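One structure is given here, and the rest of the page talks about it.
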Amino acid sequence: MGAGLSFRLEPDHVPPVWPPRRGTQQMQAHLDVLDAEVARAAALGATVEEHQPAPEGVRVMRDPHGHRFCLFLEGW
Numbered sequence: 163m164g165a166g167l168s169f170r171l172e173p174d175h176v177p178p179v180w181p182p183r184r185g186t187q188q189m190q191a192h193l194d195v196l197d198a199e200v201a202r203a204a205a206l207g208a209t210v211e212e213h214q215p216a217p218e219g220v221r222v223m224r225d226p227h228g229h230r231f232c233l234f235l236e237g238w
């Protein structure tokens, strides 16, 4: 078994705002090797956001359609 990710329709979804404001939401993934996963996401078309609140353990990125997501080391 490897890592997985699933999605579902949420009719009342409120899109996230970055940098975050209280009460906003964002997608997160907990990883073991952050730099390798950032490189993997970039190879698939993601880009790294300019604003990085905690680059030693968290990376904020955008998918090819412009949606923000975060990659995290375990424990962050």
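Each residue of the sequence shown is one higher than the one before, counting from 163 in my numbering. Built from N, CA and C at the ideal position, the CB exists for glycine as well. Quick caveat, the model's predicted, so the values are computed rather than measured.
Taking the C-beta atoms as reference points, VAL222 is found nearer than 8 Å to HIS213.
Distance from the CA atom of VAL200 to the CA atom of PRO173, rounded to whole angstroms, is 30 Å.
Just measuring C-alpha positions, the residue of GLY219, ALA216, ALA203 and PHE231 sitting nearest PRO177 is PHE231. In this structure LEU233 is in contact with ALA203, their Cβ atoms being roughly 7 Å apart against a cut-off of 8 Å. The Cβ-Cβ distance between GLU236 and ASP197 does not fall below 8 Å.
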